[in-house]
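Notes follow once the structure below has been shown.
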Amino acid sequence: MIADRLTVISFRTLLAIGCILFGVAAVSSFFNSAFILGSPITATFGAIFAFAVAIGAAFGINRLAASRPSAKVWPIAIVLTSAFSVRLAWILWIDTPPASDFLFMYNAALSAAAGDFSFNNTEYFSAWVYQMGFTMYEALIISVFNDPMLVLKLVNVMLGTGAVGLVYAAAAAAFNKQSALIAALFCAFYVPNIMMSSVLSNQHLSMFFFMLGCLLAVKSWRNRSAWLFIGLCFGLGQLFRPIGTIYLIALVIFVLLYELLPKLKIKEPRLWLATVSKLAGAVAIFYLLQMIVSASFMQAGYTEYPLSSREPYWKFVVGLNTETDGQWSLEDAKHVLNYKLGEERDQAELAIVKERLADKGAVAALFARKLYLFWGAKDDAAYWSLSEMNRPALNNTVVAIERATYIAMSVFGLFALLFLFRERKVSAAALFLLLAIGYALIHLAIEIQARYRLDIMPAYIVLQSYGVFRLQLWMQRKFNKQPSTHS
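Under our numbering, the final residue of the sequence shown carries the number 513; numbering is consecutive throughout.
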């Protein structure tokens, strides 16, 4: 009984924190939209329009599913086909060239494919060795295909479409099939997801594997071998983008609170031991994969160091800079380059971090500003996809669409958590809520870019889908329409 109460209390606490997060996102994104569009009235009408379109689309797709219960696969098949089509059309229409970090990695991949690994002597790859995972993936594609740029973007399209399917399955496991179709629709047509298809970003691979691991956790955790594949998926995601620790921590808390704790009332130590063993196994597989790949790369001469960051304090140096509100600082970058990479630079950066943490009031104010900025700023996908294309009209259009959609999603997410709070029951959605909260907390201390928000959008979309579903039901009842009970 006590264990059950603790589980419910912990979930409701998460919901309360999540409400703050989605509330901040809704408010800050509205004001950001009003600033970008030049009018709060325009921002309001845009958000209302996006809200109405979302409810209408949700009603339509679920009406289609309910009208043909014998053909359950058709609605999601239509969504997946549409997701693939719009992404394919985008990469064929918008030929985005690599830029910034993505250009560094692509050029390095060209060299690696030719057997030249001298790029490891550059400052970039000497410090950020973890970028070798994605670089070697690109090198593999380059060495096999005659038009590697197009093939890499086609893989992005397939990964993005696959992510839509994973979001659908995850929302179905966390809520129901109606919410799942809504989540799939949002994931398929969320403009940044489409635009980033033409960008050679490491986020496509990492998001796919992290989301696959999350799906296995909420749907198949109790299966005998699920822990193995969860560890592998999170480990593969980590090879391409080093945020896997957030997923591991969320998994540990999720399993301890919502799998192990309820079992404590059952006086069967074997069940407790089995749960803890599977959790430990998933964590071990995650780290074992990193060690194996690092050792393999070092043995092959691809790199001299393990796939990790050799400048562990840099993200905190930038993230705690009050002058830039935790965003990239050229002044900080120039300063730390005066110190030799390794212990000397680590000590210099650690000293900066300690100095910036000394003023507790300034740190608290910085955290508040970063929360507001990170979760409210316009997505950077338009910049990464279109900045070299000289299409200002298209850029302005997609930014306006993204702003309206994101405001609506944030409001839907807030409603979703309020509905879950009222229901007084624990949902598998706890894992996605843990991820969103954990991601928000870590970015209070480290560098923020609006692009980084894209990593957590699958979880964000899963959570908000339930808000759309419940509001849709409420509207159906309001207009005396019989709600669908098919799930």
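Glycine included, every Cβ here is placed at the ideal spot set by N, Cα and C.
Counting along the chain, where does the alpha helix (DSSP H) carrying M501 start and finish?
For the purposes of this step, residue 501 is taken as residue 475 along the sequence shown, with counting starting at 1. From DSSP, the alpha helix (DSSP H) with M501 extends over M483 to K504.
Look at the alpha carbon of I272 and the alpha carbon of F505, and state the distance between them as a whole number of angstroms.
Counting from one through the sequence shown, the residue named residue 272 turns up at place 246. Counting from one through the sequence shown, the residue named residue 505 turns up at place 479. If I take the Cα positions, the gap works out to 43 angstroms.
If I follow the unbroken alpha helix (DSSP H) through R296, where does it start and stop?
For the purposes of this step, residue 296 is identified with residue 270 of the sequence shown, where counting begins at 1. P295 to A326 is the extent of the alpha helix (DSSP H) around R296.
Helix, strand or coil for S335? Go by DSSP, reduced to three states.
One-based indexing of the sequence shown puts residue 335 at position 309. In the structure shown, S335 sits in a strand (DSSP, three-state: E or B).
For a quick check, are the C-beta atoms of Y486 and A456 less than 8 angstroms apart?
Residue 486 sits at position 460 when you count from the first residue of the sequence shown. Residue 456 sits at position 430 when you count from the first residue of the sequence shown. No, these two residues do not count as a Cβ contact at 8 angstroms.
If A51 and A60 are in contact, beta carbons under 8 angstroms, what's the gap, nearest whole angstrom?
Locating residue 51 in the sequence shown gives position 25, where the first residue counts as 1. Locating residue 60 in the sequence shown gives position 34, where the first residue counts as 1. Actually they do not touch by this definition, with Cβ atoms about 15 angstroms apart.
Is it buried or exposed for F418, if we count other Cβ within 10 angstroms and need 16 for buried?
Along the sequence shown, read from residue 1 onward, the residue named residue 418 stands at position 392. For the record, residue 418 in the displayed sequence is Pro; it is not Phe. With fewer than 16 Cβ atoms within 10 Å of its Cβ, P418 is classed as exposed.
In this structure, does DSSP put W154 in helix, strand or coil?
Here residue 154 refers to the residue found at position 128 when the sequence shown is read from its first residue. Correct three-state label for W154: strand.
If you reduce the DSSP assignment to three classes, tell me which class S513 lands in.
Mapped onto the sequence shown, residue 513 falls at position 487. Confidence at S513 is low in this model, with a pLDDT of 43, below 50, so its placement is unreliable and no value can be given for it.
To which residues of the same chain is S224 closer than 8 angstroms at the C-beta, ignoring the five residues directly before and after it?
Here residue 224 refers to the residue found at position 198 when the sequence shown is read from its first residue. Same-chain partners within the cutoff: W116, I117, I120, D121, T122, K179, N182 and S411.
What is the rounded straight-line gap between the Cα of E349 and the Cα of V53?
Working through the sequence shown from its first residue, we reach residue 349 at position 323. Working through the sequence shown from its first residue, we reach residue 53 at position 27. Whole-angstrom Cα-Cα distance: 23 angstroms.
Roughly how many whole angstroms lie between the Cα atoms of I46 and N146?
Locating residue 46 in the sequence shown gives position 20, counting from the first residue. Locating residue 146 in the sequence shown gives position 120, counting from the first residue. Approximately 43 angstroms, taken between the alpha carbons.
Going straight from the alpha carbon of L299 to that of A252, what length do you get?
Position 273 of the sequence shown, counted from the start, is the residue given in the question as residue 299. Position 226 of the sequence shown, counted from the start, is the residue given in the question as residue 252. The alpha-carbon atoms of L299 and A252 are separated by roughly 16 angstroms.
Tell me which residues share the same chain as T511 and place their Cβ nearer than 7 angstroms to its Cβ, disregarding the 5 neighbours each side in the sequence.
In the sequence shown, the residue the question calls residue 511 occupies position 485. Summary for T511: the model assigns pLDDT 45, below 50, so the residue's position carries little reliability; its value from the coordinates is reported in the next sentence. Answer for T511: no residue qualifies.
For M435 and S205, what's the separation of their Cα atoms in angstroms?
For this step, residue 435 is matched to residue 409 along the sequence shown. For this step, residue 205 is matched to residue 179 along the sequence shown. Cα to Cα, M435 sits roughly 13 angstroms from S205.
Take the Cβ of S513 as the centre, count every other Cβ of all protein chains shown within 10 Å, and call the residue buried at 16 or more, exposed below.
Translated into the one-based positions of the sequence shown, residue 513 becomes position 487. Caution is warranted here: a pLDDT of 43 is assigned to S513, below 50, making its placement in the model unreliable, and the coordinate value is therefore given only provisionally. Counting Cβ neighbours within 10 Å, S513 comes out exposed, since fewer than 16 surround it.
Relative to the alpha-carbon of F48, which residue among S453, A426 and G402 has its alpha-carbon at the smallest distance?
Here the question's residue 48 lines up with position 22 in the sequence shown. If we check each option's Cα against that of F48, G402 comes out closest.
Would you tell me roughly how many angstroms separate the C-alpha atoms of S232 and R477, rounded to the nearest one?
In the sequence shown, residue 232 corresponds to position 206, counting from 1. In the sequence shown, residue 477 corresponds to position 451, counting from 1. Cα-Cα distance, rounded: 14 angstroms.
Here's the rule I'm using: 16 or more other beta-carbon atoms within 10 Å means buried, otherwise exposed. How should A103 be labelled?
Stepping through the sequence shown from its first residue, residue 103 is reached at position 77. A103 is exposed by the Cβ-count criterion.
DSSP on M415, reduced to helix/strand/coil?
Taking the first residue of the sequence shown as 1, we reach residue 415 at position 389. M415 falls in the coil class under three-state DSSP.
Just to check my reading of the structure: R113 and G186 have Cβ atoms closer than 8 angstroms, yes? What is that Cβ distance to the nearest angstrom?
Start at 1 with the first residue of the sequence shown, and residue 113 comes out as number 87. Start at 1 with the first residue of the sequence shown, and residue 186 comes out as number 160. Sure, about 5 angstroms apart at Cβ, within 8 angstroms.
Using the Cα positions of C213 and A189, report the straight-line distance between them to the nearest angstrom.
Within the sequence shown, numbered from 1, the residue matching residue 213 stands at position 187. Within the sequence shown, numbered from 1, the residue matching residue 189 stands at position 163. Cα to Cα, the separation comes out at about 8 angstroms.
Leaving out five residues before and five after T33 in sequence, what residues of the same chain have Cβ atoms less than 7 angstroms from its Cβ?
Translated into the one-based positions of the sequence shown, residue 33 becomes position 7. Taken in chain order, the residues that qualify are L283, Y284, L287, P288 and V452.
Compute the beta-carbon to beta-carbon distance between M162 and A125, rounded to the nearest angstrom, for a pair I have assumed lies under 8 angstroms.
For the purposes of this step, residue 162 is taken as residue 136 along the sequence shown, with counting starting at 1. For the purposes of this step, residue 125 is taken as residue 99 along the sequence shown, with counting starting at 1. With a Cβ gap of about 20 angstroms, M162 and A125 do not count as contacting.
Please list the segments of the alpha helix (DSSP H) lying wholly inside the stretch 342-430, counting only runs of 4 or more residues, in order along the chain.
Whole alpha helix (DSSP H) segments, 4+ residues: 356-362, 369-383, 386-402 and 407-412.
Let's test the definition: count the other Cβ atoms within 10 Å of the Cβ of Q316 and tell me whether it reaches 16, buried, or not, exposed.
By 1-based counting over the sequence shown, the position of residue 316 is 290. Buried, since its Cβ has 16 or more Cβ neighbours within 10 Å.
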